[in-house]
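**Student:** Handing you this structure, nothing more for now.
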Amino acid sequence: MHLARFPRIKLAHLPTPLEFLPRLTEHLRGPNIYVKRDDCTGLASGGNKTRKLEFLMAEAIEQGADTVITQGAVQSNHARQTAAAAAKLGMNCEILLENRISDPSDDYLNSGNVLLDRLYGANTTHFPGGTDMNAALDDLARELSQQGAKPYVIPGGGSNPTGALGYVNCALELLQQANDQQLTIDHLIHATGSAGTQAGLVTGLKATHSGIPVLGIGVNAAREPQEQKVYELALATAEFVGAAGCVAREDIIANCDYVGAGYGVPTESMIAAVKLLAQLEGLLFDPVYTGKGLAGMLDLIRKGEFKAGENIVFLHTGGSVGLFGYVGELGIERQGIEQ
Ligand SMILES: *Cc1c(COP(=O)(O)O)cnc(C)c1O
Numbered sequence: 040m041h042l043a044r045f046p047r048i049k050l051a052h053l054p055t056p057l058e059f060l061p062r063l064t065e066h067l068r069g070p071n072i073y074v075k076r077d078d079c080t081g082l083a084s085g086g087n088k089t090r091k092l093e094f095l096m097a098e099a100i101e102q103g104a105d106t107v108i109t110q111g112a113v114q115s116n117h118a119r120q121t122a123a124a125a126a127k128l129g130m131n132c133e134i135l136l137e138n139r140i141s142d143p144s145d146d147y148l149n150s151g152n153v154l155l156d157r158l159y160g161a162n163t164t165h166f167p168g169g170t171d172m173n174a175a176l177d178d179l180a181r182e183l184s185q186q187g188a189k190p191y192v193i194p195g196g197g198s199n200p201t202g203a204l205g206y207v208n209c210a211l212e213l214l215q216q217a218n219d220q221q222l223t224i225d226h227l228i229h230a231t232g233s234a235g236t237q238a239g240l241v242t243g244l245k246a247t248h249s250g251i252p253v254l255g256i257g258v259n260a261a262r263e264p265q266e267q268k269v270y271e272l273a274l275a276t277a278e279f280v281g282a283a284g285c286v287a288r289e290d291i292i293a294n295c296d297y298v299g300a301g302y303g304v305p306t307e308s309m310i311a312a313v314k315l316l317a318q319l320e321g322l323l324f325d326p327v328y329t330g331k332g333l334a335g336m337l338d339l340i341r342k343g344e345f346k347a348g349e350n351i352v353f354l355h356t357g358g359s360v361g362l363f364g365y366v367g368e369l370g371i372e373r374q375g376i377e378q
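In our numbering, the protein residues as written are 40 to 378.
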């Protein structure tokens with residue numbers, strides 16, 4: 040694998056830090072917990088989509104695009120990072136947002152990620168839940184082309200083999216850091232959604248024969264379809280980077296027991312996990328992805344799935360901007376001014 044062969048634009052602050060979490064580790068009295076800080080990728084306040092966008096935006100420019108279009112849920116972190124990348128590169132940005140929450144609050148519809156999408160100058164269009172968003176993307180691309188624009192379509196979450204290269208690269212970066220720190224990684228855990236992060240990580244970690252298992256904590260689908268989606272993208276990614284055959288079906292593991300009522304719907308365990316990490320480590324996790332991923336990791340540790348002395352790395356994929364779309368759900372006291 041030689042990633043320099045692929046077009047790439049620098050957007051992220053890399054390498055992101057690999058840090059030990061002493062207070063969380065002591066609190067749990069189990070394995071040693073480390074965090075890989077992909078919430079610190081820099082662009083648009085950070086997150087995992089920026090690594091993918093380094094390859095996707097380079098492809099867009101190579102194809103002569105003047106407009107990028109993408110889709111996501113209303114509080115999409117991917118949309119926010121895409122809007123920022125487009126602004127930085129002087130491209131137009133069209134964002135299609137699917138409302139996947141019933142009874143959304145005004146914060147959900149207009150603050151957090153949505154506020155930043157608009158601040159970065161992207162055009163946002165809201166669609167009802169259940170819309171075929173990929174068809175909507177294609178329709179808009181056709182319409183823009185007819186008007187003389189040159190659109191580049193980025194799939195939801197930036198998850199295709201080009202975007203997944205960002206996480207092949209992250210796997211190599213993490214391995215280098217662990218080797219330099221003399222840290223043996225026993226488990227790598229992260230929140231998995233549109234699959235590009237896990238597909239890229241598994242491809243990179245398998246192609247290098249690292250022996251590091253990856254556990255995705257699902258935030259959306261049931262286990263079987265989630266694993267299948269990651270597997271198919273990992274096969275395509277491995278072939279794309281010239282490492283065909285390195286990924287087997289059993290390398291793809293997703294635990295989807297922590298989704299709760301559905302994508303983006305808060306759970307008690309997510310809220311508890313977000314508060315715990317804020318108050319023990321001063322770290323911000325998010326309501327949709329990393330909070331549920333953490334809730335899963337904490338529960339598995341408390342159930343004894345991981346041994347004391349083992350080293351777990353939790354990949355922090357970002358998303359804290361989404362907290363401001365969920366202000367009412369977090370159970371934080373609000374105060375007014377006393378008259
Ligand atoms: C998109 C996202 C994920 C999931 O990554 P995928 O590549 O879509 O599986 C995890 N965490 C955050 C904060 C995200 O925005």
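We put the beta carbon where it would ideally sit given N, CA and C, even for glycine.
To the nearest angstrom, how far is it from the Cα of residue 288 to the Cα of residue 240?
**Tutor:** Rounded to the nearest angstrom, the two C-alpha atoms are 14 Å apart.
**Student:** Given a cut-off of 7 Å on the beta-carbon distance, is the pair residue 223 and residue 257 in contact?
**Tutor:** Not a contact, by the Cβ cut-off of 7 Å.
**Student:** Is the region 320 to 335 touching the region 276 to 283 in the sense that three or more CB pairs, one from each, lie closer than 8 Å?
**Tutor:** As far as the Cβ criterion goes, the region 276 to 283 does not touch the region 320 to 335, which means the pair count is below three.
**Student:** Looking at ligand 1, does it come within less than 6 Å of residue 156, judged from the CB to the closest heavy atom?
**Tutor:** No, Cβ of residue 156 sits at least 6 Å from all heavy atoms of ligand 1.
**Student:** Can you tell me whether residue 164 is buried or exposed? The criterion is at least 16 other CB atoms within 10 Å of its CB, across all chains shown.
**Tutor:** By the neighbour-count rule (16 or more Cβ atoms within 10 Å), residue 164 is not buried but exposed.
**Student:** Applying the criterion that 16 or more other CB atoms from any shown protein chain within 10 Å of the CB defines a buried residue, is residue 171 buried or exposed?
**Tutor:** Classification of residue 171: exposed, given that the 10 Å Cβ count is below 16.
**Student:** What number of angstroms, rounded off, separates the C-alpha of residue 122 from the C-alpha of residue 220?
**Tutor:** In a straight line, the C-alpha of residue 122 is about 35 Å away from that of residue 220.
**Student:** Within its chain, find whatever has a CB closer than 8 Å to the CB of residue 139; leave out the 5 residues flanking it on each side and keep chain order.
**Tutor:** Contacts found: 112, 113, 168, 301, 302 and 303.
**Student:** Shorter than 6 Å, the distance from the beta carbon of residue 236 to the closest heavy atom of ligand 1, or not?
**Tutor:** Answer for residue 236: yes, Cβ within range of ligand 1.
**Student:** When you compare the CB positions of residue 274 and residue 253, do they come within less than 7 Å of one another, or not?
**Tutor:** Taking 7 Å as the Cβ cut-off, residue 274 and residue 253 do not qualify as a contacting pair.
**Student:** For the region 348 to 358 and the region 91 to 99, state whether three or more C-beta atom pairs, one from each stretch, are separated by less than 8 Å.
**Tutor:** The answer is no - the region 91 to 99 does not touch the region 348 to 358, with fewer than three Cβ pairs under 8 Å.
**Student:** Could you name the residues that DSSP lists as bridge partners for residue 76?
**Tutor:** BP columns for residue 76 point to 355.
**Student:** Is residue 323 helix, strand or coil by DSSP?
**Tutor:** Correct three-state label for residue 323: coil.
**Student:** I'd like to know whether the C-beta atoms of residue 234 and residue 184 end up nearer to each other than 7 Å.
**Tutor:** The answer is no: Cβ separation not under 7 Å.
**Student:** Taking a contact to mean a Cβ-Cβ separation below 7 Å, would you say residue 334 touches residue 308 in this structure?
**Tutor:** Yes; because the gap between Cβ atoms is below 7 Å, this pair is in contact.
**Student:** Give me the DSSP bridge partner(s) of residue 138.
**Tutor:** Bridge partners of residue 138: 167.
**Student:** Alpha carbons only, please: which of 124, 325, 368 and 99 is nearest the one belonging to residue 83?
**Tutor:** The shortest C-alpha separation from residue 83 is found at 124.
**Student:** Measuring CB to CB, does residue 99 end up less than 7 Å from residue 107?
**Tutor:** Yes, Cβ-Cβ distance for residue 99 and residue 107 is below 7 Å.
**Student:** Figure out for me which residue from 298, 97, 350 and 372 has the closest Cα to the Cα of residue 192.
**Tutor:** Among 298, 97, 350 and 372, the Cα nearest to that of residue 192 belongs to 97.
**Student:** Should residue 59 be labelled buried (16 or more other beta-carbon atoms within 10 Å of its own) or exposed?
**Tutor:** Exposed, because fewer than 16 other Cβ atoms sit within 10 Å of the Cβ of residue 59.
**Student:** Please report how far the alpha carbon of residue 156 lies from the alpha carbon of residue 207, in whole angstroms.
**Tutor:** If you take the alpha carbons of residue 156 and residue 207, they lie about 27 Å apart.
**Student:** Please work out which residues of its chain come closer than 6 Å, Cβ to Cβ, to residue 72, disregarding the five sequence neighbours upstream and downstream, and give them in chain order.
**Tutor:** 60, 63, 64 and 351.
**Student:** For residue 295, which residues from the same chain have a beta carbon less than 7 Å from its beta carbon, with the 5 sequence-adjacent residues on both sides left out?
**Tutor:** Taken in chain order, the residues that qualify are 257, 260, 261, 262 and 265.
**Student:** Output needed for residue 202: all residues of its chain with C-beta closer than 7 Å, excluding positions within five of it in sequence on either side, in chain order.
**Tutor:** Around residue 202: 91, 94, 95 and 235.
**Student:** Would you mind reading off the limits of the beta strand (DSSP E) that contains residue 271?
**Tutor:** From DSSP, residue 271 is part of no beta strand (DSSP E) but of the alpha helix (DSSP H) over 262 to 279.
**Student:** Would you identify the three-state DSSP class for residue 216, choosing helix, strand or coil?
**Tutor:** If DSSP states are grouped into helix, strand and coil, residue 216 belongs with the helices.
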